[in-house]
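Step one of this worksheet: look at the structure below.
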Amino acid sequence: MQHPLATKKHVELKKVNQEPNLYGTFISVLMVGAFICMAWFGAYYLFLTR
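Here our numbering is used: the first residue of the sequence shown is 506, the next is one more, and so on.
Shown next as structure tokens:
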């Protein structure tokens with residue numbers, strides 16, 4: 506029979522090794538990047554037209 510603490514530690518190590526789902530973070534970074542690019546191109550457009 507295994508020691509109860511050893512089993513609990515094994516379960517905790519399994520949880521630590523799993524990577525979180527970063528799909529939402531990726532989409533958020535793409536949206537922020539698109540906003541920054543649009544702001545730069547908008548400023549460049551204003552510079553060209555004046």
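Glycine included, every Cβ here is placed at the ideal spot set by N, Cα and C.
Determine the direct distance from the alpha carbon of residue j to that of residue i, and round the result to whole angstroms.
i	j	result
Ser533	Arg555	33 Å
Leu535	Gly529	10 Å
Met543	Glu524	32 Å
Gly547	Asn526	34 Å
For residue i, report the span of its alpha helix (DSSP H) as first-last.
i	result
Leu527	Leu527 -> no alpha helix (DSSP H), and no H or E assigned at all.
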